[in-house]
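To start, the structure itself, in structure tokens.
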Amino acid sequence: MTHLILYSAPDEIYIDHINRCSEKFKLIFPIWEHAVKRIFSITENNNMNSILENMVVFHDLGKLTKRWQENLDTNKKLPSHAPIGAAYLYKKFVKNDTLDDLKNAIVFAVAIHHTDSGLLGDNIERPDVQAIIDGIVGNDGKIKWSDETKTLDEKLFPEELNELTVEDLKIMARGLRTWARSGGFLEQHKKRIQASIIHHILKLCDISAASERKEYQKEDDENYYGGWLMVEEIKNYVENIRQRGI
Numbered sequence: 001m002t003h004l005i006l007y008s009a010p011d012e013i014y015i016d017h018i019n020r021c022s023e024k025f026k027l028i029f030p031i032w033e034h035a036v037k038r039i040f041s042i043t044e045n046n047n048m049n050s051i052l053e054n055m056v057v058f059h060d061l062g063k064l065t066k067r068w069q070e071n072l073d074t075n076k077k078l079p080s081h082a083p084i085g086a087a088y089l090y091k092k093f094v095k096n097d098t099l100d101d102l103k104n105a106i107v108f109a110v111a112i113h114h115t116d117s118g119l120l121g122d123n124i125e126r127p128d129v130q131a132i133i134d135g136i137v138g139n140d141g142k143i144k145w146s147d148e149t150k151t152l153d154e155k156l157f158p159e160e161l162n163e164l165t166v167e168d169l170k171i172m173a174r175g176l177r178t179w180a181r182s183g184g185f186l187e188q189h190k191k192r193i194q195a196s197i198i199h200h201i202l203k204l205c206d207i208s209a210a211s212e213r214k215e216y217q218k219e220d221d222e223n224y225y226g227g228w229l230m231v232e233e234i235k236n237y238v239e240n241i242r243q244r245g246i
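Quick look at the structure:
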């Protein structure tokens with residue numbers, strides 16, 4: 001199925017979802033800012049907020065591939081999308097500056113933000129191979145984007161994304177493995193905590209921005225458990241923050 005509009009889920013426009021995620025981030029992050037600074041030993045804000053906003057804006061880039069958009073709302077398997085955003089952010093961070101723990105944790109969080117789909121191993125160990133299998137890579141090694149990406153604002157789809165390659169996925173995964181496994185036991189434990197808090201913030205933004213999706217709705221009164229319950233709790237948590245005006 002070819003869409004004239006880019007979607008992030010059936011009946012959910014991609015731009016709308018990203019804008020809602022950004023709104024949720026501005027609402028949620030003040031609650032977590034002190035904890036993030038403490039866990040990452042950040043004494044000054046510098047550009048911490050803008051770096052984290054990049055995570056929110058680009059976490060779903062993989063949904064803009066030609067194959068993902070074609071397969072949406074069909075019976076065909078959707079390609080794994082999380083590694084694409086992670087690879088772009090990794091490349092962007094390396095190009096603009098040295099990688100520190102915060103940036104590595106951000107990339108890690110994006111790469112695993114759909115581990116509930118059972119893709120953790122592929123996302124970190126072999127995202128390049130998975131991308132080829134999923135059919136989102138051209139013969140030139142570049143990611144095949146949907147034609148409709150040309151209509152997106154530069155802030156949502158930077159021109160440099162057209163140069164993202166399968167090799168960038170491989171480099172990202174290798175870099176994350178090196179970061180996660182480096183140092184002694186305590187250092188590795190610290191990195192797990194760092195990745196966890198950033199991942200938690202991303203999931204709060206992502207899920208609260210998508211709480212109206214059909215897949216997140218309670219099916220009937222006997223449907224006591226399931227994804228809808230987690231979504232409902234996150235939705236209420238974020239709404240309470242909004243009402244309290246923190």
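Under UniProt numbering, think of the first position of the sequence shown as 1, with each following residue one higher.
Built from N, CA and C at the ideal position, the CB exists for glycine as well.
Everything numeric in this text was worked out from a predicted model, so none of it was measured.
field: Closest by C-alpha distance to E159, when choosing among K92, E70 and P127
entry: Indexing the sequence shown from 1 puts residue 159 at position 159. Of the candidates K92, E70 and P127, the one whose C-alpha sits nearest the C-alpha of E159 is K92.
query: Which residue or residues does DSSP assign as beta-bridge partners of V137?
result: Walking along the sequence shown from the start, residue 137 turns up at place 137. Per DSSP, I143.
query: Does M48 have its Cβ less than 8 Å from a Cβ in chain C?
result: Included in the structure is just one protein chain, with no chain C present.
field: Residues near I143 in its chain [Cβ-Cβ closer than 8 Å; skip 5 each side]
entry: Along the sequence shown, read from residue 1 onward, the residue named residue 143 stands at position 143. Hits under 8 Å: T65, I84, A131, I136, V137, L161, L164, T165 and V166.
- request: Please classify S182: does DSSP put it in a helix, a strand, or coil?
  value: On the sequence shown, residue 182 is found 182 positions in, with the first residue counted as 1. In the structure shown, S182 sits in coil (DSSP, three-state: anything other than H, G, I, E or B).
message: Three Cβ pairs or more, each shorter than 8 Å: is that satisfied between the region 169-176 and the region 3-14?
response: no
- request: Within the same chain, show all residues whose beta-carbon is closer than 6 Å to that of V56, passing over the 5 residues directly before and after it, in chain order.
  value: Locating residue 56 in the sequence shown gives position 56, where the first residue counts as 1. C21, S22, F25 and C205, listed in sequence order.
Inter-stretch contact at 8 Å, needing at least 3 Cβ pairs: the region 102-115 / the region 140-154: no
query: In the DSSP assignment, what residue or residues form a beta bridge with E12?
result: Counting from 1 along the sequence shown, the entry for residue 12 is found at position 12. DSSP, once it has assigned bridges, lists A9 as partnering E12.
task: Could you tell me the distance, in whole angstroms, from the CA atom of S8 to the CA atom of I18?
output: For the purposes of this step, residue 8 is identified with residue 8 of the sequence shown, where counting begins at 1. For the purposes of this step, residue 18 is identified with residue 18 of the sequence shown, where counting begins at 1. Cα-Cα distance, rounded: 9 Å.
- prompt: Which same chain residues, not among the five before or five after F40, have their C-beta less than 7 Å away from its C-beta?
  reply: The residue labelled residue 40 in the question sits at position 40 within the sequence shown. Counting only Cβ-Cβ distances below 7 Å, and skipping sequence neighbours, we find D101, L102 and Q194.
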